[in-house]
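Following: one structure in structure tokens, then a few remarks.
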């Protein structure tokens, strides 16, 4: 991030106040807003369109691996949640509890809750226990395995400090739940779904990620192993962008999910669960956004192109609109990665604010069309990944012919820019003093500016991990999968270690 | 419905006990089941696949009319619901109330609700008031109108007596909400969305419907006018299959949704809302199902074709599976109404039960493939809309070539069969005695068997409507839109009337 040197559409700019920039850029891009309900967001059409495309991508990748969608109850009886001790412990502090099932006039004439429930219901924070109840009914024999289920749903975790997309009391997500006959098969599935999250992030969201194992203290409550994909945001903090859990037989035992083997013995199944959420939108904003707004990767943008007809005199209107609409029709017939190009036409009479609105909303391509362009059979295009002033006139035919190539080029340039940022702010560090310096804010007024990701050794002790978190607000993001074994000594306590881990501050 | 004369897959058959047949057919078709949470259902993969296709159809039709999707909070503050008096009155008796936001150890060591909320939150039964809160922020000028929003979501209405798909405490639906500058435009939108519900029902679900206005007593709480589409089930009862409400300025006043006109005066907007739900699946079951299971219209079936390889000797396996898989690949490349044909391969070694499983699940076409079929380059097909024994051998080439034609033929035959049933059980009745007879059960043990739909006159008085409901359990389903004005006298009280209405028993 370079210091602000010119007028930008978003104030403050990233370098001046990154957290506030994040709030302002969401507002300016019209993605979402806070609702009147504590901690809950409203996802506006532009933001929801983005989520629809992310859902479409993931849903299709899941189904390719044999997963089918289903739907399970919103409410979980308290006794179900209590079946797995670590699980309920992990979620008890943030549960929305339903206690009554109607309203009636109270003594002061106002409506008050009535019809108390005999057992409180918890609004699902995640669905392992309620889905486990169904799996126990559905699975009887080895022939029923593997069982591969996903659900698209809303979940509620009562967060005290919320931030749109990153941490809200209600959010939208998918949660996959699978059951297998063997440990090996369940572990393979855990890894396969992590790969799909990595593929979604890198190929569609243009967001490079590191795949790895969480340390025991960062595991999902009740899991044997948690895998995650971690991305670097532009303030060099990590964003966990999808997790895949190997649950061993913990939830099978809690919900009594057993099957009869071919040899007719009764065994517990092995389960997995894996989830990703509207948090990914926060990742897209913080990975690609600049001081003029958000920048959407073309493959997941709700629309790839906006046409901006320029009409200075009333008599020009018909010709300009006709040219615009015929171009829109032509573009919509183009196939872009299996789907039609989506086109917006913005003919609002609001002057230059119109182009800036679309820059702030991050649409990949802006196309201006005026009488001179029509005469020349050309269009005047601006790419969102370039400077707003850097526009060029090209022939209409060339534009149509090269459209998907240009979009792919934007998609790739966004990924490469993000990868370059991560590389520039990742270091292998073996010296404790240097490690502490790396994570120490350069400026006390901007505690968010620091070094980035450190690949350093860890002894494996939770005490050491806790000490680092306490001293520096730095956590082990993951023990990377794709890394060589390497002997070394713990960055904090000097005990022996066999592998580097990824240390970072995180959202 | 003819009396059961032979062995059928579902017991009891429709004629013997229609309500119980409904429960059994859902179980046998593997669509859904009751959950361990009171009144909530689990939608299983086959049922959810059906819902995914229904969503895809409606979502696309909505978007064609300019509607965009968004997402609003699950929770509604009690004070919001109270803003519209009739509205809260209508939903107070069936609200799930969230009262606490965490759990903690109680005096007896068990977990109890803690962190009481200062204002109770209601789990949305519908979202007029919470969406109205956003609309009030989003709309300032006539330039912001019309605002056309839809949301796909779960809602909760605490029903005391539940039946899967027809009436459950939680269900999935879409709710559209629009705001307009004029009354006329809002009324037009109300009607347009009703037409889309009718189109979805008739063209996709193969379910003929009658479009009409609800009487004042059957209106949505807070609406000025409620339109609905009504279908006849095979027990001659009506199923309301989608409603579209003209809300006037009631909710605009409740939520203070105003706009500045071009002449710079401040006016309330005019709003509409419209919804349809997983109840439609209940409609599909009861419209098309027979004594062997459900029958799915090809356009919305999760899969159109199941291939059943027949392997009697191990040495036949490779050849049969190769032929089956190559046929599956060929079928999947066929475009059926804009989407690829979906194919299942069922190679379970369970004998004849396999074919019956797919009959019960209602898949449109079953295709058996054995060594003799391979030698003859043929397939042996069974249509779900025909008798299970009525199967035929045709050449593989012909099957592939004619597949979409056959599917369209099944789609049409289902619609025509349903339309014929409705015609056969609909009467114009002008005599009170005859009207009472029409709705009187033929057999006291089977109160569900009666005449069907009666087109008869109504004076317009709520007292008369209430009397009919009380005496016969018959309600006015709608005042049909597509009917001529005709002078007559009320079927119950003989007062003058200008139009026939549709009387029926209803779900």
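Protein chains in written order, with the numbering used here: chain P, 1 to 507; chain Y, 508 to 1014.
Where a beta carbon is used, it is the ideal one built from N, C-alpha and C, also for glycine.
Considering just the uninterrupted stretch of the alpha helix (DSSP H) at residue i, what are its terminal residues?
| i | result |
| --- | --- |
| residue 693 of chain Y | 690-706 |
| residue 437 of chain P | 432-439 |
| residue 757 of chain Y | 757-762 |
| residue 587 of chain Y | 585-588 |
| residue 371 of chain P | 371-375 |
| residue 593 of chain Y | 592-598 |
| residue 218 of chain P | Unbroken run through residue 218 of chain P: none, as it is neither H nor E. |
Can you give me the start and stop residues for the beta strand (DSSP E) that residue i sits inside?
| i | result |
| --- | --- |
| residue 475 of chain P | 475-480 |
| residue 176 of chain P | 170-180 |
| residue 1011 of chain Y | 1007-1011 |
| residue 977 of chain Y | Note, residue 977 of chain Y: premise wrong, no beta strand (DSSP E); alpha helix (DSSP H) at 969-979. |
| residue 213 of chain P | 209-213 |
| residue 260 of chain P | 258-260 |
| residue 352 of chain P | From DSSP, residue 352 of chain P is part of no beta strand (DSSP E); its letter is neither H nor E. |
| residue 381 of chain P | 378-383 |
| residue 782 of chain Y | 777-784 |
| residue 712 of chain Y | Segment: none, residue 712 of chain Y is in no beta strand (DSSP E) and carries neither H nor E. |
| residue 823 of chain Y | Neither: residue 823 of chain Y is in no beta strand (DSSP E) and is coded neither H nor E. |
| residue 344 of chain P | 343-345 |
| residue 308 of chain P | 305-309 |
Go ahead and label residue i buried or exposed: buried means 16 or more other beta carbons lie within 10 angstroms of its beta carbon, across all protein chains shown.
| i | result |
| --- | --- |
| residue 594 of chain Y | buried |
| residue 889 of chain Y | buried |
| residue 745 of chain Y | buried |
| residue 420 of chain P | exposed |
| residue 857 of chain Y | exposed |
| residue 883 of chain Y | exposed |
| residue 28 of chain P | buried |
| residue 930 of chain Y | exposed |
| residue 735 of chain Y | buried |
| residue 110 of chain P | exposed |
| residue 510 of chain Y | The pLDDT assigned to residue 510 of chain Y is 45, lower than 50, so where the model puts this residue is not dependable, and the model offers no usable value. |
| residue 290 of chain P | buried |
| residue 392 of chain P | exposed |
Taking DSSP's pairing of strands, which residues face residue i in a bridge?
| i | result |
| --- | --- |
| residue 960 of chain Y | Y:933 |
| residue 22 of chain P | Its beta-bridge partners do not exist; DSSP assigns none. |
| residue 548 of chain Y | Y:541 |
| residue 742 of chain Y | DSSP, once it has assigned bridges, lists no residue as partnering residue 742 of chain Y. |
Who are the near neighbours of residue i in its chain, counting only those whose CB is closer than 7 angstroms to its CB and skipping five residues on each side?
| i | result |
| --- | --- |
| residue 855 of chain Y | 861 |
| residue 490 of chain P | 457, 458, 459, 464, 497 |
| residue 809 of chain Y | 553, 556, 557, 560, 849 |
| residue 322 of chain P | none |
| residue 483 of chain P | 499, 500 |
According to DSSP, is residue i part of a helix, a strand, or is it coil?
| i | result |
| --- | --- |
| residue 4 of chain P | Low confidence applies here, because residue 4 of chain P scores a pLDDT of 43, under 50, leaving its location unreliable; read the following figure in that light. The answer is coil: DSSP assigns residue 4 of chain P none of H, G, I, E or B. |
| residue 393 of chain P | strand |
| residue 614 of chain Y | coil |
| residue 575 of chain Y | strand |
| residue 732 of chain Y | strand |
| residue 150 of chain P | strand |
| residue 114 of chain P | strand |
| residue 772 of chain Y | coil |
| residue 408 of chain P | helix |
| residue 626 of chain Y | strand |
| residue 561 of chain Y | helix |
| residue 522 of chain Y | coil |
| residue 399 of chain P | helix |
| residue 75 of chain P | strand |
| residue 747 of chain Y | strand |
| residue 1014 of chain Y | coil |
| residue 124 of chain P | coil |
| residue 847 of chain Y | strand |
| residue 489 of chain P | strand |
If you drop the 5 nearest sequence neighbours on each side, which residues of the same chain put their C-beta closer than 8 angstroms to that of residue i?
| i | result |
| --- | --- |
| residue 463 of chain P | none |
| residue 320 of chain P | 309, 310, 311, 369, 370, 371, 374 |
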